[in-house]
Structure formats: C-alpha cells, structure tokens
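**Student:**
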Amino acid sequence: MSSHRVTVLVLDGALPLDVGIPTQVFHPRDGLPYELTVCGVATGTVPSSEGFGYAVPQGLDALIGADTIIVPGYAPVGRPIPATVYEALRRAHARGSRIASICYGAFALADAGLLEGRRATTHWDAAEMLALRHPDILVEPNVLFVDEGSVLTSAGVAAGIDLCLHIVRRDLGVSVANDIARRLVTAPYRSGGQAQYLPRSSPAPHGDTLAATREWALTRLHEPLAVTDLAKHARMSLRTFMRRFAEETGDTPLQWVLRARVDAARALLETTKLPVDQIAERVGLGTGSNLRLHFRRILDVSPSEYRAAFSGRTILTP
Numbered sequence: 493m494s495s496h497r498v499t500v501l502v503l504d505g506a507l508p509l510d511v512g513i514p515t516q517v518f519h520p521r522d523g524l525p526y527e528l529t530v531c532g533v534a535t536g537t538v539p540s541s542e543g544f545g546y547a548v549p550q551g552l553d554a555l556i557g558a559d560t561i562i563v564p565g566y567a568p569v570g571r572p573i574p575a576t577v578y579e580a581l582r583r584a585h586a587r588g589s590r591i592a593s594i595c596y597g598a599f600a601l602a603d604a605g606l607l608e609g610r611r612a613t614t615h616w617d618a619a620e621m622l623a624l625r626h627p628d629i630l631v632e633p634n635v636l637f638v639d640e641g642s643v644l645t646s647a648g649v650a651a652g653i654d655l656c657l658h659i660v661r662r663d664l665g666v667s668v669a670n671d672i673a674r675r676l677v678t679a680p681y682r683s684g685g686q687a688q689y690l691p692r693s694s695p696a697p698h699g700d701t702l703a704a705t706r707e708w709a710l711t712r713l714h715e716p717l718a719v720t721d722l723a724k725h726a727r728m729s730l731r732t733f734m735r736r737f738a739e740e741t742g743d744t745p746l747q748w749v750l751r752a753r754v755d756a757a758r759a760l761l762e763t764t765k766l767p768v769d770q771i772a773e774r775v776g777l778g779t780g781s782n783l784r785l786h787f788r789r790i791l792d793v794s795p796s797e798y799r800a801a802f803s804g805r806t807i808l809t810p
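My numbering applies: residue 493 is where the sequence shown begins, and numbers increase by one.
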C-alpha cells in the first residue's frame, strides 16, 4: 500500500475520545503508510464538548486529496453544522475518498446525503433520532460498526477503536491491525469476519459477560471446541449460554469460533510460510481443503490469494 492520507475532521463540540481514537490508531509509525492530518472548518481553535479547545492547523481544504476522512462525534447530538462541511464531504466522496464517522459523527454524513439508501449506525442513544430524521437510512442500533465500502459508521466511543482497527485490517491485514491493538492495549477485534476482508463485530448490549470465555476459546482454537465446552467454562446452562452469546456477539458460538479460526489462519498466512495444510491444523480447521472451503465462503478469496495480497507486511515491535 502506497502513502495513504487520513484526515480527521474536528467539528465544534467534538468529543475528546472520538478525536483521540483515530489520531492514535493512524499516528505515523515506522512501517505504516498513513499520513495523518487534523482539520476543522477553519484553522485555529475548535471548542470541544468538554470546555477545552483543539488546535487545528488546517481548514476544509485539507479534505482535498484525503484518501480517508474520519468525522468524530460532536455535541449536542444532531445539531446543524456549516453547509460548507456537507459540501466538502460530498465533493470528497465523489472524488473517491473513503469517509467514516465515529458516534454522533454519523449525523454529519447523513445530513450530507452520504448515507442515503445505506446501512449505518451511531451511538445507541441517538439511533432513533437518526432513523426518524433520515427514514431513507437503514439504522442498525445494535452493532459496533457498519462498513458500506466507501462509507463507514460506528457506534460510540470504544466502537470507534473497532472501526479504526477494521480500516487498518482492510488496508494492511490482520497482523498490522493486531500490532496496533497491542499498542493500544485493546482487543484486536470483538468478533469474526465476513466477505471482502471485513470482520463483523456485533453489539454487547448486556455487557461483556462472556469476554473471558471468548478469550479462553481464542487460546484453544487448535483444540476441539464444542458449545458445551464453552458453556461449561462460562458456568452457564447451555440454553442461557447460547442466548447470551448471541446477544454479545451477534453470532452463534460455532459461527464465532469458525470466524476466529479463519482470522487466526489469516495471521499465519501473512506472517509465515507454513503450508496451508499445517495452518489448517494449527487453527483447528483440520485439513487444507476445509480451510480453503471456509476461507472462500467467508472472505471470497482463496488462502493463496490472501497470502499474495497481505504477506510480507512490516510487523511493528512494541
């Protein structure tokens, strides 16, 4: 991947964590192609939602030439923003920029017309407002983020980390995203994956009760993992475990384990020269043909095609 310019658009009332997340994830580091720019409607100081200000060195002209634009959330939620922002976002999207929002930033994308006819999400407490204001948008209030290709939206705060790591994973593969996650001391992903290299993360509306069980499973992907084993580790009845797991991940336990195994295989394809059969055995998928089957079904590519696309990435050291 050649040099890739990420521009964070800070609007009046921007939420501090929403601004901090993309600037941390895409901060220039050795081996990463990202160039980070922060801008506002105009140069100068942009007031935050918490009473302090952000010093932004550039105005909306910074969006020209941006490969990825990220709009952090701002408060009050849904308030009008300058029409020049909507126009700048529309022009950038027409030029081919990828545009993403964190939390309430989805309202800027929606008001600019970029979410029309698309799926989208925002913080759960504003999802109904977004749906009422824009009935042409399929608002999904119970997911961490939604990837519609050139336009992406995330739920609040921590979901912005999931979104940004997802973008890195799309651009540079699993290993680089995992390395950045380690730097941030956060989970590299909270669920599995779907087609076009896109991991599907899902909500945890009732908390992360089963987080320890999922972590336990991730260290044992090479072993047989029955649903009864997971339920036993969680100290729940099978029925309660199945219901709670679906609530927290959006997947059945077996679907989640399968996607986790495919993601583990992705990392090995990127960072090793192991044959596909050995990788399949290491991640608990048994045979190379079984790995190829699930790889093709979930990612729509073969393991060899994936290795050709993502092998040899620079792995950052702590």
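All residues carry an ideal CB built from backbone N, CA and C; glycine is no exception.
Since we're looking at a predicted model, the values are computed, not measured.
(1) Classify R712 as helix, strand or coil using the three-state DSSP reduction.
(2) Determine the burial state of G588: buried for a count of at least 16 other Cβ atoms within 10 Å of its Cβ, exposed for fewer.
(3) Out of V677, H626, Q550 and T744, state which residue places its alpha-carbon closest to the alpha-carbon of G536.
(4) From S494 to L524, what does the alpha carbon distance come to, in whole angstroms?
(5) Taking DSSP's pairing of strands, which residues face A618 in a bridge?
(6) By a C-beta neighbour count over all protein chains shown, 10 Å radius and 16 as the cutoff for buried, is P486 buried or exposed?
(7) Does the beta-carbon of H615 have 16 or more other beta-carbons within 10 angstroms, so that it is buried, or is it exposed?
(8) Just to confirm my understanding: we take Q770, look at its own chain, exclude 5 residues before and 5 after, and list those with CB closer than 6 Å. What are they?
(9) Taking 7 Å as the limit between beta carbons, can you name the residues of its chain near R774, skipping five residues before and five after?
(10) Can you tell me whether F599 is buried or exposed? The criterion is at least 16 other CB atoms within 10 Å of its CB, across all chains shown.
(11) Which stretch, first to last residue, makes up the alpha helix (DSSP H) that contains L509?
(12) Per DSSP, what are the beta-bridge partners of T705 in this structure?
(13) Looking at the unbroken beta strand (DSSP E) that takes in Y546, where does it start and where does it end?
(14) Output the distance between the C-alpha atoms of I513 and H725, rounded to the nearest integer angstrom.
(15) Ignore the nearest five residues each way along the sequence and tell me which others in N782's own chain have a CB closer than 8 Å to its CB.
(16) Can you look up D663 in the DSSP assignment and give me helix, strand or coil?
(17) For V577, which residues of its own chain have a beta-carbon under 8 Å away from its beta-carbon, when the five flanking residues on both sides are left out?
(18) Where does E620 land, buried or exposed, given buried means 16+ other C-beta within 10 angstroms?
(19) My guess is that V638 and R611 are in contact by the Cβ rule of under 8 Å, so how many angstroms apart are they, rounded?
(20) Report the option in N670, I629 and V660 whose CA atom is closest to the CA atom of D559.
(21) Which partner residues of H496 appear in the DSSP bridge assignment?
(22) Helix, strand or coil, according to DSSP, for S781 in the structure here?
(23) Can you look up P539 in the DSSP assignment and give me helix, strand or coil?
(24) With DSSP run on the structure shown, which of helix, strand or coil describes S593?
**Tutor:** By the coordinates alone:
(1) Along the sequence shown, read from residue 1 onward, the residue named residue 712 stands at position 220. Looking at R712 - three-state DSSP - the assignment turns out to be coil, as it is neither helix nor strand.
(2) Position 96 of the sequence shown holds residue 588. When all chains shown are included, G588 counts as exposed.
(3) Here residue 536 refers to the residue found at position 44 when the sequence shown is read from its first residue. Comparing Cα positions, the closest option is Q550.
(4) By 1-based counting over the sequence shown, the position of residue 494 is 2. By 1-based counting over the sequence shown, the position of residue 524 is 32. Approximately 9 Å between the Cα atoms of the pair.
(5) Reading the sequence shown from its first residue, position 126 is the one you call residue 618. Paired residues: none, contrary to the question.
(6) Residue 486 is absent from the structure shown; the chain starts at 493 and stops at 810.
(7) Sequence index remark: in the sequence shown, residue 615 carries index 123 (1-based). Sixteen is the threshold: when 16 or more other Cβ atoms of the shown chains lie within 10 Å of the Cβ of H615, as they do, the residue is buried.
(8) As a working mapping, residue 770 is identified with position 278 in the sequence shown. Here the set comprises nothing.
(9) As a position in the sequence shown, residue 774 is number 282, starting the count at 1. Excluding positions up to five away in sequence, the list reads H714 and L760.
(10) Reading the sequence shown from its first residue, position 107 is the one you call residue 599. Buried: at least 16 other Cβ atoms inside 10 Å.
(11) Translated into positions along the sequence shown, residue 509 becomes position 17. Start and end: P508 to V517.
(12) On the sequence shown, position 213 is the one that residue 705 refers to. In the DSSP assignment, T705 is bridged to no other residue.
(13) Taking the sequence shown and counting its residues from 1, one reaches residue 546 at position 54. Unbroken beta strand (DSSP E) run through Y546: G545 to V548.
(14) As a working mapping, residue 513 is identified with position 21 in the sequence shown. As a working mapping, residue 725 is identified with position 233 in the sequence shown. One C-alpha to the other measures close to 33 Å.
(15) Looking up residue 782 in the sequence shown gives position 290. Taken in chain order, the residues that qualify are A772.
(16) Here the question's residue 663 lines up with position 171 in the sequence shown. Correct three-state label for D663: helix.
(17) One-based indexing of the sequence shown puts residue 577 at position 85. Once the five neighbours on either side are set aside, the close Cβ partners of V577 are L501, L503, V533, L552, A600 and A604.
(18) For this step, residue 620 is matched to residue 128 along the sequence shown. Counting Cβ neighbours within 10 Å, E620 comes out exposed, since fewer than 16 surround it.
(19) Sequence index remark: in the sequence shown, residue 638 carries index 146 (1-based). Sequence index remark: in the sequence shown, residue 611 carries index 119 (1-based). Their Cβ separation, rounded to whole angstroms, is 5 Å, which keeps V638 and R611 in contact under 8 Å.
(20) Here residue 559 refers to the residue found at position 67 when the sequence shown is read from its first residue. That would be V660, whose Cα lies nearest to the Cα of D559.
(21) Locating residue 496 in the sequence shown gives position 4, where the first residue counts as 1. Residue pairing from DSSP places H496 in a beta bridge opposite Y526.
(22) Indexing the sequence shown from 1 puts residue 781 at position 289. Three-state result, S781: helix.
(23) What you label residue 539 is simply residue 47 of the sequence shown in a count that begins at 1. In this structure, P539 counts as strand in the three-state DSSP scheme.
(24) In the sequence shown, residue 593 corresponds to position 101, counting from 1. It is a strand residue.
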